[in-house]
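Each residue of the sequence shown is one higher than the one before, starting from 1 at the first, in the UniProt record's numbering.
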Amino acid sequence: MREYPYRIGSEPVTVRVPENDEDLATFWEWLTAVAELPIGVDSETTGLDIYADTNRLRTVQFGSEWDGWVIPVEKGSKFYQAARLALERLEHPVLHNAAFDLQVFDRHLEMPMEQLWSKVTDTRIIAHLADPRGQEEGGTGHGLEQLIREHIDPVVADEVKGLMARLAKEHKTTKDRIWSSIGIDHPDYTMYAGMDPILAIRLYWKLNPLVPHYSRHLIGYEHKLAEICSYMERAGFKLDVEYTLDLRTRLTIEEEEAVWHAETFFDVDSVNSSEQVADALEGLGHRFTEFTNTGKRKVDKKLLDSLLTDTPEVGSPGHLAAAVTEAKRARKWRTTWIDGFLKGMDSNGRVHPSILPLRARTARMSIQGIPAQTLPSGIGWYGAALSQTRAKPSLAWTTRRKNYECWRHCPAIQLCEKPSPRMPIFIR
C-alpha cells in the first residue's frame with residue numbers, strides 16, 4: 001500500500017493507493033464501513049474528450065473527509081472490478097461536476113448513469129444555488145479550485161490544484177497532454193487524484209448549509225435537469241461528415257483565394273494586419289478619419305463594409321475590402337465551427353457537446369465542446385465576391401495564380417449576396 005500524508009490546515013489526511021489483493025481488501029473494509037455516508041468520488045482520464053477512441057480511464061477515487069483512495073483501474077481487471085463494485089455499493093456519492101464523471105463511468109466502467117444519478121449529489125450544483133455569481137461578479141465562482149480557496153484553504157488550492165500545471169511545466173508539455181503522459185505512480189499525480197474526493201466531500205458539508213431556504217427545493221430539480229442533459233450528451237448528434245469535410249475544403253479554398261487577391265493586387269501579406277490594410281487603403285487614396293485609442297488608423301468591419309460596392313473595380317478600395325472581408329469570414333467559419341465539429345467527432349461520426357445546465361448568474365444553459373450555440377443563421381456572405389468574373393470565373397477560382405491575366409483584364413469583380421452554405425447537419 002502506498003500512502004501519502006497531507007494536512008488541510010491543522011488536520012491530517014492520507015491518500016492511499018492499493019497495489020495488491022491485500023490492499024484491495026483493506027480498501028473494501030473501509031468502504032463497507034462508510035458506504036451509507038456521503039462519500040466523495042472522482043475520476044482521472046487521459047483527457048476531457050470522453051468519447052474519443054483514444055480516451056482512457058486511469059483512476060477512480062473515493063474519499064471521506066480524512067481518507068482518500070486512488071484505485072488504479074489502468075493497471076488491470078481486479079482494480080477495474082474493485083472500482084465498479086465500490087460505485088455500486090455507495091449510497092450517497094458526492095461529485096463535483098457529476099455529469100462528466102458519470103459519463104466516464106458509463107463508458108469505461110460499464111456502469112450505466114441511470115443507476116447512479118438518483119444517488120448522486122453534485123457540489124457544483126449546490127455551489128451555484130448557494131451563490132450563483134461568478135468571480136467576476138463578486139462571487140466565489142463554481143470551479144473546484146475557486147471553491148476550495150474560498151471555503152476550505154487557499155494553501156490547499158495552490159498546492160494541490162496547482163500540481164498538474166506544475167507537472168506539465170516540469171515535463172515540458174501542456175496541461176492538456178500531461179493527463180495521458182504522466183506515469184500513474186507519480187507521487188504528485190497520485191496526490192492530485194486522491195485529494196479531489198476528500199475536497200469534494202468537505203465542500204459538500206460546507207456548501208449545503210449555505211443554500212437559502214427559498215432555493216432548497218431546486219436541489220432535486222437541478223440534479224434531474226443535469227441528469228437529462230447528460231443523457232443528451234451521451235447520445236450526441238450525428239454529423240454529416242461528408243458534407244462537413246467538403247465545406248471545410250471549400251472554405252479553405254475561399255480563404256486562400258481571398259488572401260491571394262490581397263497579396264497580388266495590394267501587397268498585403270496578412271489580411272489580419274490592420275497596419276498593412278491601412279497602408280494599402282491610403283495608397284489607394286482613402287483618408288482615415290477614425291483612429292484607435294493608441295492613435296492607429298482604425299480598420300474595422302464598419303470601415304470595410306462602407307467600402308464594399310456592387311461592382312468594385314479591380315485594384316479599387318472595394319476590391320481590397322472584399323478580399324479582407326472574405327478571407328476573415330472563411331477562416332472564422334472554418335476554424336470556429338467546422339474544425340470544432342470535426343475535432344469533437346467520435347469514430348461513429350457523432351459529436352458529444354457538454355451541456356452546462358447552470359451557467360452564469362441567471363442559470364442559463366450553455367454548451368461546450370462544439371460551438372453550436374453561435375452557428376450563423378440566415379446571413380448573407382460575399383462568397384461570389386472573388387469567385388465570379390466576366391471572363392472564365394471557374395478558372396480564376398480553381399487555378400488562381402495561373403489565371404492572373406484573367407483577373408488583370410477583368411473589368412469588375414461581381415459582388416453579390418447569396419445564402420450562406422448549409423452548416424453541418426445534426427441528425428438525432
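Backbone N, C-alpha and C define an ideal beta-carbon position, used for all residues, glycine too.
For clarity, every value in this text was computed on a predicted model and none was experimentally measured.
Tyr4 beta carbon less than 8 Å from that of Met191: yes
Segment limits, beta strand (DSSP E) that includes Ile71: In the DSSP assignment, Ile71 falls within the unbroken beta strand (DSSP E) covering Asp67 to Ile71.
Stretch pair the segment 76 to 87 + the segment 198 to 211: three plus CB contacts closer than 8 Å: no
Member of Asp185, Leu90, Glu222 and Ala83 whose CA lies at the smallest distance from the CA of Met365: Glu222
Stretch-stretch touch, CB-based, cutoff 8 Å, three pairs: the segment 159 to 175 with the segment 28 to 39: Contact fails: fewer than three Cβ-Cβ distances are below 8 Å.
Complete runs of the beta strand (DSSP E) confined to the segment 221 to 271 [at least 3 residues]: 237 to 239
Reduced DSSP category for Val211 - H, G, I as helix; E, B as strand; rest coil: coil
Burial state of Asp101, where buried means 16 or more other Cβ atoms lie within 10 Å: buried
Where Asp42 sits in the DSSP three-state scheme: strand
Continuous alpha helix (DSSP H) assignments of at least 4 residues falling wholly in the segment 285 to 338: 301 to 307 and 317 to 332
Three-state class that DSSP yields for Pro353 in the structure shown: coil
Run of the alpha helix (DSSP H) containing Tyr6, from where it starts to where it stops: Where Tyr6 is concerned, there is no enclosing alpha helix (DSSP H), although the beta strand (DSSP E) it sits in stretches over Arg2 to Ile8.
Nearest-angstrom beta carbon gap, Ala323 and Leu307 [assumed within contact, 8 Å]: A Cβ-Cβ separation of about 11 Å leaves Leu307 out of contact with Ala323 under the 8 Å criterion.
Same chain, Cβ closer than 7 Å to Phe266, five either side skipped, listed in chain order: So the qualifying residues of the chain are Ala280 and Leu320.
Residue from Leu356, Ala33, Thr374 and Pro12 whose Cα sits closest to the Cα of Ile228: Leu356
Best match in Gly318, Glu233 and Arg248 for proximity to Ala262 [C-alpha to C-alpha]: Gly318
Cβ neighbour criterion (16 or more within 10 Å) applied to Ser230: buried
Alpha-carbon spacing of Asp49 relative to Ala193, whole angstroms: 18 Å
Proximity winner among Ser64, Glu44 and Pro18, relative to Glu36 (alpha-carbon distances): Ser64
Ser181 (DSSP reduced to helix, strand or coil): helix
Burial state of Asn97, where buried means 16 or more other Cβ atoms lie within 10 Å: buried
Contacting residues, own chain, Cβ-Cβ under 7 Å from Ile201 (five flanking each side not counted): Pro38, Ile39, Gly40, Gly63, Ser64, Glu65 and Val94
Own chain residues within Cβ distance below 6 Å of Gly340, not counting five before or after: Ile370 and Pro371
C-alpha distance - Glu242 paired with Gly349, whole-angstrom precision: 10 Å
C-beta atoms of Leu129 and Leu218 nearer than 8 Å: yes
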